[in-house]
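S.K.: Using full-length UniProt numbering, the final residue of the sequence shown is 248, and nothing's skipped along the way.
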Amino acid sequence: MLLHAIETSFVKTMDNLTKALAAWISFHDQIGVDLKALLYPGASEADILAVESRLGFDLPADLKALYRIADGQINPWEAPVAQAQFHAGKNLAAMFGHFRFLSLQEALAEHQERLAIFEEEGTFEPWGLRPEDPIAAVDWRPAWFAFASADEGNGYAVDTAPPSGGHIGQIIQVGPDFERHLIAESLTELMSQAALKIPPNQPGRFAWDKHDALDQPDYVEFNMDWNWEPPTPPSAEEIALAKARGRE
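1) Taking the Cβ atom as the reference point for each residue, do ALA146 and ASP159 lie within a distance shorter than 8 Å?
2) Could you check whether GLU125 and VAL138 sit closer than 8 Å to each other, using their CB atoms as the reference points?
3) Quick check on the DSSP output: the alpha helix (DSSP H) that includes GLU119 runs from which residue to which?
4) Grab the span of the beta strand (DSSP E) containing VAL51 for me, first residue to last.
5) For GLN173, count neighbouring C-beta atoms within 10 Å of its own C-beta (all shown protein chains included) and say buried if the count is 16 or more, exposed if not.
6) Within 8 Å, do at least three Cβ pairs link the segment 44-64 to the segment 173-185?
7) What is the DSSP secondary structure of ASP29, counted as helix, strand or coil?
8) Hey, quick one: how far does the alpha helix (DSSP H) through SER149 stretch, first residue to last?
9) Taking just the CA atoms, how far does GLY166 sit from LEU115?
10) Between TYR156 and LEU241, what straight-line distance do the alpha-carbon atoms span, to the nearest angstrom?
11) Let me make sure I understand the geometry here. Which of PRO176, ILE25, ASP225, ALA93 has the alpha-carbon closest to that of ILE198?
12) If I'm right that ASN223 touches GLY42 with Cβ under 8 Å, what's the distance once you round it to whole angstroms?
13) Helix, strand or coil, according to DSSP, for ALA70 in the structure here?
14) Checking 8 Å against the spacing of the C-beta atoms, do LEU102 and PRO76 come in under that value?
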């Protein structure tokens, strides 16, 4: 009975994650990004177990399910990748809005680097922590595993040991340049809800950059928080008042 329950849970997790990933790939199709072409082949069970052994804790089931499908993404800033996608008429993007999906080894290396800093310097209170978010009031914890990252340690991490009120495997925003926020209760929710609730043409959400290798505005970044609303543009009266003050 126990083995059957474990197998059933595994199949359900894989099924839910696969559906969420399919929805997320479809969302990228709508903004002109061939996400599947940017994903590496999946990791083996031995690869996953080896990383968990180094970490000293288990990764959430849906994150492991994603790694079985794709062990990270190709760096979209690499020139050959950019040129191939450009000539195919596609845009480029990190898999998670601002943040590239890291391979297991990249994520482990980043975790070990942060762990060394943590052991030497300790931790401090982060900025921008919302009181309603069930996240430890520290800048970093060993129980956080960043699977998506940009420069300087900014990214999304799974929280494997949240405080009271949190969910094991919840997705949090980490890094020195971003406020510490709860993004989703799970990786599956992150992809499925973002795909469902983010308008693919919402003004103000998407930013287009020129790629170094192409000098073309074909690299798109965006905010994955589906509750975010673009700032209201100033009214004509506000613009006129600002101009008048500027002349004083």
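Just so it is clear, CB atoms sit at the ideal spot from N, CA and C, and this is done for glycine as well. Here the structure is a predicted model, which is why all the values come from computation and not from measurement.
M.R.: The relevant details are as follows:
1) Position 146 of the sequence shown, counted from the start, is the residue given in the question as residue 146. Position 159 of the sequence shown, counted from the start, is the residue given in the question as residue 159. No, Cβ-Cβ distance for ALA146 and ASP159 is not below 8 Å.
2) One-based indexing of the sequence shown puts residue 138 at position 138. One-based indexing of the sequence shown puts residue 125 at position 125. In this structure, GLU125 lies closer than 8 Å to VAL138 by Cβ.
3) Residue mapping note: residue 119 aligns to position 119 of the sequence shown, counting from 1. Looking at the DSSP string, the run of the alpha helix (DSSP H) that includes GLU119 is 104-121.
4) Position 51 of the sequence shown, counted from the first residue, corresponds to residue 51. Unbroken run through VAL51 is the alpha helix (DSSP H), 45-55; no beta strand (DSSP E).
5) Mapped onto the sequence shown, residue 173 falls at position 173. Its Cβ being crowded by 16 or more others within 10 Å, GLN173 is buried.
6) no
7) Mapped onto the sequence shown, residue 29 falls at position 29. In this structure, ASP29 counts as helix in the three-state DSSP scheme.
8) In the sequence shown, the residue the question calls residue 149 occupies position 149. From DSSP, SER149 is part of no alpha helix (DSSP H) but of the beta strand (DSSP E) over 144-149.
9) Translated into positions along the sequence shown, residue 115 becomes position 115. Translated into positions along the sequence shown, residue 166 becomes position 166. Rounded to whole angstroms, LEU115 to GLY166 spans 22 Å at the Cα level.
10) Here residue 156 refers to the residue found at position 156 when the sequence shown is read from its first residue. Here residue 241 refers to the residue found at position 241 when the sequence shown is read from its first residue. When rounded, the distance between both Cα atoms is 41 Å.
11) Against the sequence shown, residue 198 aligns to sequence position 198. With distances taken between Cα atoms, ILE198 lies closest to ASP225.
12) Position 223 of the sequence shown, counting from 1, holds the residue named residue 223. Position 42 of the sequence shown, counting from 1, holds the residue named residue 42. The pair is not a contact, with the Cβ atoms about 28 Å apart (cut-off 8 Å).
13) As a position in the sequence shown, residue 70 is number 70, starting the count at 1. In the structure shown, ALA70 sits in coil (DSSP, three-state: anything other than H, G, I, E or B).
14) Within the sequence shown, the letter at position 102 stands for residue 102. Within the sequence shown, the letter at position 76 stands for residue 76. No, they are not a contact pair.
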